[in-house]
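Visitor: So that we are looking at the same thing, I have put the structure below in structure tokens.
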Amino acid sequence: MTAAASSGAPLATRRPADIRRAWIERAEVALLDAREEGPYSLAHPLFAVSVPLSRVELLAYDLLPRRDAPITVYDDGEGYAEPTARRLQALGYGDVTLLEGGLSGWIAAGFEVYRDVNVPSKAFGEWVEHHRHTPSLPAAEVKALIDAKADLVILDARRFEEYRTMSIPGGVSVPGAELVKRVHDVAPNPDTLVVVNCAGRTRSIIGAQSLVNAGIPNRVAALRNGTIGWTLAGLTLDSGREGRFPATLSAEGDAAGRRRARAVADRAGVRRIDPAGLDRLRGDERRTLHLLDVRTPEEYEAGHLPGFRHAAGGQLVQATDEHVAVRGARIVLTDDPAGGGGPRADMTASWLAQLGWEAYVLDGDVSSLGSESGPDRRRLPTPDVETETIAPRDLLALLENGEAAVIDLTRSPRYRVGHIPGAYFSTRARLAGLIATLPKGVRPVLTCGDGTLARYAVADFPQGQRPLLLEGGAQGWVAAGLPLSAALDRLGDEPDDVYKRPYEGTDNSAAAMQGYIDWELELVAQLKRDGAHNFHVI
0 MTAAASSGAP LATRRPADIR RAWIERAEVA LLDAREEGPY SLAHPLFAVS
50 VPLSRVELLA YDLLPRRDAP ITVYDDGEGY AEPTARRLQA LGYGDVTLLE
100 GGLSGWIAAG FEVYRDVNVP SKAFGEWVEH HRHTPSLPAA EVKALIDAKA
150 DLVILDARRF EEYRTMSIPG GVSVPGAELV KRVHDVAPNP DTLVVVNCAG
200 RTRSIIGAQS LVNAGIPNRV AALRNGTIGW TLAGLTLDSG REGRFPATLS
250 AEGDAAGRRR ARAVADRAGV RRIDPAGLDR LRGDERRTLH LLDVRTPEEY
300 EAGHLPGFRH AAGGQLVQAT DEHVAVRGAR IVLTDDPAGG GGPRADMTAS
350 WLAQLGWEAY VLDGDVSSLG SESGPDRRRL PTPDVETETI APRDLLALLE
400 NGEAAVIDLT RSPRYRVGHI PGAYFSTRAR LAGLIATLPK GVRPVLTCGD
450 GTLARYAVAD FPQGQRPLLL EGGAQGWVAA GLPLSAALDR LGDEPDDVYK
500 RPYEGTDNSA AAMQGYIDWE LELVAQLKRD GAHNFHVI
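This note's numbering applies: residue 0 is where the sequence shown begins, and numbers increase by one.
Written out as structure tokens, the structure reads:
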């Protein structure tokens with residue numbers, strides 16, 4: 000069903016049953032939640048992706064690369080779904096509908112809703128452990144082995160930044176997709192116990208099961224409940240560690256990793272294509288296609304294939320919904336820039352295939368595709384409205400004279416850390432309410448971290464009340480040598496734009512951490528009730 004092209008015409012709807020049927024039949028469909036991440040984390044359908052009204056322009060082109068993919072948007076009666084759908088239409092998407100009845104309609108149809116974020120991946124991790132009985136050890140037993148100086152290595156499967164924040168004593172950072180590639184050098188003795196950890200459960204389970212699937216000779220175990228389990232056992236975590244996997248790879252370790260990973264990918268039904276096959280996929284306008292490079296950020300920045308975005312393999316499995324919004328899309332992975340394929344692409348694709356995605360590994364000689372360097376960059380639309388900008392020191396003068404009011408659209412955690420003194424915090428979805436409360440006679444000035452989101456928000460103001468735009472955003476303010484403030488008197492109501500994850504950071508309560516573990520353990524039963532996930536486990 001296609002939404003009306005005219006922005007003034009009523010939007011068509013899709014029924015919840017139609018969305019669920021598409022999931023079961025592996026047909027393409029994107030279900031987008033237009034609310035902020037906070038309410039999204041409290042209840043949403045399994046494959047619904049968070050695309051808040053506040054951030055549509057920042058997310059759409061990367062999450063939804065095919066402009067005629069079927070897209071359905073919902074909220075829970077807040078009034079965000081329709082303007083989000085209209086904004087998507089303005090960005091060039093032709094098949095945009097509303098979910099009939101919104102979230103309440105989904106629930107009334109008898110379908111499951113889930114808590115938290117990145118739920119498909121977390122639920123899949125529990126599904127894997129349930130079906131494969133992934134070995135694990137409790138924190139107290141691992142601590143006893145450490146104290147006894149047993150022959151073991153502890154491999155932290157999270158992002159390096161997370162590892163530095165908090166880690167198991169003696170642990171080494173080996174992000175998930177690197178495990179099979181690196182383990183033969185990190186633990187060359189087959190008698191060494193390999194323990195894999197993350198903050199909670201998912202990456203520990205997937206990481207340990209990756210090594211089991213690869214058939215390494217070592218005994219393997221996940222650290223049960225990760226750093227959360229360690230903390231709940233009354234044990235102390237390290238912080239600020241720099242332990243990373245060795246920079247160089249032995250020829251023997253490289254060969255073993257490639258051989259074992261390829262065998263796993265073959266068992267999982269991963270498809271292989273060469274550059275000619277990639278051209279055929281790119282030319283298929285009926286299907287959504289994502290091209291992703293699963294190496295480290297440093298490797299990607301040094302050189303990558305044109306058109307491939309960066310998505311480190313372990314994080315791609317952990318948070319697929321942050322990279323791909325259209326369920327049923329095709330995903331092509333690359334690893335080794337000289338030969339396309341590699342163990343990180345093979346292992347990542349093996350998990351994506353089991354998660355129900357149509358997964359490919361680009362293999363063979365890819366030199367004909369060329370190369371480019373530099374960091375990954377979002378694909379962003381051109382702002383609809385031009386606006387007047389103001390330099391940081393000119394803004395300072397206006398603020399000192401009481402002639403300007405700064406509105407900061409950055410994410411609330413960043414605002415809490417530091418913002419332009421006197422700046423109001425707002426999400427774009429609530430911008431109109433804030434504008435109405437500003438003092439008479441002041442000129443609104445929009446900003447955010449780097450100024451990107453603020454450029455799109457200019458269009459949210461009435462024609463005669465357009466704001467100024469701070470050059471370079473808050474980063475430009477800091478670069479000009481001007482101070483930030485951590486005062487929260489203009490934060491407004493408790494923000495709901497970001498969900499506080501109980502497994503990130505070091506200031507979470509024991510009750511929140513235990514509640515999170517309990518929730519994860521209930522996911523298998525919820526998946527069985529749901530019946531629309533298409534997960535399979537090799």
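Quick reminder that beta carbons are idealized off the backbone N, C-alpha and C, glycines included.
(1) With DSSP run on the structure shown, which of helix, strand or coil describes T426?
(2) I'd like the span of the alpha helix (DSSP H) that includes A84, first residue to last.
(3) CA-CA distance, A3 and A68?
(4) Tell me the residue span of the beta strand (DSSP E) that contains H532.
(5) Out of L277, R20, E35 and A431, which has the shortest C-alpha to C-alpha gap to E493?
(6) Pull up the distance between the alpha-carbon of A11 and that of L30, whole angstroms please.
(7) Could you check the C-alpha separation between F534 and R158 for me, to the nearest Å?
(8) Threshold first: 3 residues or longer. Then list the beta strand (DSSP E) segments lying entirely within the region 223 to 256, N to C.
(9) Can you give me the start and stop residues for the beta strand (DSSP E) that I215 sits inside?
(10) Looking only at C-alpha atoms, which of A478, N117 and W105 sits nearest to R392?
(11) Is there contact between the region 160 to 171 and the region 328 to 347, where contact requires at least three CB pairs shorter than 8 Å?
(12) In the DSSP assignment, find the unbroken beta strand (DSSP E) run with E357 in it and report its ends.
(13) Does the separation of the CB atoms of Y92 and L52 fall below 8 Å?
(14) Starting from L57, trace the alpha helix (DSSP H) both ways and give me its first and last residue.
(15) Could you tell me which whole beta strand (DSSP E) segments of length 3 or greater appear in the region 423 to 485?
(16) On a CA-only basis, which of N188, P38 and P9 is nearest K499? Give me that one, please.
(17) Which whole-angstrom value is the C-beta distance of T201 and M512, which I expect to be below 8 Å?
(18) Taking the C-alpha atoms as reference points, what is the distance between M0 and D94?
(19) Roughly how many whole angstroms lie between the Cα atoms of Y359 and L248?
(20) If you compare alpha carbons, which of Y299, A456 and A33 is closest to L445?
(21) Of the residues L354, G355 and P342, which one's Cα is nearest the Cα of L361?
(22) Can at least three beta-carbon pairs, one atom from the region 186 to 195 and one from the region 102 to 119, be found at a separation below 8 Å?
(23) Beta strand (DSSP E) containing H289: first to last residue?
(24) Tell me whether E371 sits in a helix, a strand or coil according to DSSP, three-state version.
(25) Starting from T71, trace the beta strand (DSSP E) in both directions and tell me its first and last residue.
(26) Hey, quick one: how far does the alpha helix (DSSP H) through I23 stretch, first residue to last?
(27) Looking at the structure shown, is Y502 part of a helix, part of a strand, or coil, going by DSSP?
(28) Whose C-alpha, out of I215, Y79 and A47, is nearest the C-alpha of R257?
(29) Please look up how many angstroms separate the CB atoms of A207 and T133, rounded, as I've assumed it's under 8 Å.
(30) Do V141 and L546 come within 8 Å of each other at the CB atom, strictly closer than that value?
(31) Roughly how many angstroms separate the alpha carbons of F46 and A390, rounded to a whole number?
(32) Does DSSP put S135 in a helix, in a strand, or in coil?
(33) Name, in chain order, the residues that DSSP records as bridge partners for Y557.
(34) I'd like the list of long-range same chain contacts for R131, defined as Cβ closer than 7 Å, with 5 residues on each side in sequence excluded.
(35) Measuring only the C-alpha atoms, how far is R326 from I18?
(36) Contact between the region 482 to 497 and the region 173 to 184 is defined here as three or more beta-carbon pairs at a separation below 8 Å; is this criterion met?
Guide: In this structure, then:
(1) DSSP places T426 in coil when its eight states are reduced to three.
(2) Annotation: the continuous alpha helix (DSSP H) that includes A84 extends over A80 to A89.
(3) Summary for A3: the model assigns pLDDT 35, below 50, so the residue's position carries little reliability, and this model does not support an answer.
(4) For H532, no beta strand (DSSP E) encloses it, and the DSSP letter there is neither H nor E.
(5) Comparing alpha-carbon positions, the option among L277, R20, E35 and A431 lying closest to E493 turns out to be E35.
(6) Roughly 14 Å between the two C-alpha positions.
(7) Each residue's CA atom was taken as its position, placing F534 and R158 some 25 Å apart.
(8) Correct list: empty.
(9) Looking at the DSSP string, I215 is not in any beta strand (DSSP E), and its letter there is neither H nor E.
(10) The shortest Cα separation from R392 among A478, N117 and W105 belongs to A478.
(11) Counting Cβ pairs under 8 Å, fewer than three are found: no touch.
(12) DSSP places E357 in the uninterrupted beta strand (DSSP E) bounded by E357 to L361.
(13) Y92 is not a Cβ neighbour of L52, given a cutoff of 8 Å.
(14) Annotation for L57: the continuous alpha helix (DSSP H) segment containing it runs V55 to L62.
(15) When DSSP assignments are scanned along the region 423 to 485, the uninterrupted stretches of beta strand (DSSP E) that are 3 or more residues long and fall wholly within it turn out to be 442 to 446 and 467 to 469.
(16) Minimum Cα distance to K499 is reached at P38.
(17) Going by Cβ atoms, the distance from T201 to M512 rounds to 15 Å, so no, they are not a contact pair.
(18) Note on M0: pLDDT 34, under 50, position unreliable in the model; the coordinate value appears next. Approximately 7 Å, taken between the alpha carbons.
(19) Each residue's alpha carbon lies about 25 Å from the other.
(20) Distance from the Cα of L445 is smallest, within the candidate group Y299, A456 and A33, for A456.
(21) Nearest to L361 by C-alpha distance, out of L354, G355 and P342, is P342.
(22) Touching, no.
(23) Looking at the DSSP string, the run of the beta strand (DSSP E) that includes H289 is L288 to D292.
(24) E371 carries a strand assignment under DSSP once its states are collapsed to helix, strand and coil.
(25) Looking at the DSSP string, the run of the beta strand (DSSP E) that includes T71 is I70 to Y73.
(26) Unbroken alpha helix (DSSP H) run through I23: P15 to E24.
(27) Annotated three-state conformation of Y502 is coil, per DSSP.
(28) Comparing Cα-Cα distances from R257 to each of I215, Y79 and A47, the minimum goes to I215.
(29) Going by Cβ atoms, the distance from A207 to T133 rounds to 5 Å, so yes, they are a contact pair.
(30) With the chain covering 0 to 537 only, the question about residue 546 has no answer from this structure.
(31) So the two alpha carbons sit approximately 43 Å from each other.
(32) Correct three-state label for S135: strand.
(33) For the chain, the structure presents residues 0 to 537; residue 557 sits outside this window and is missing.
(34) Taken in chain order, the residues that qualify are Q208 and V536.
(35) So the alpha carbons of these two residues sit roughly 10 Å apart.
(36) The region 482 to 497 vs the region 173 to 184: no contact.
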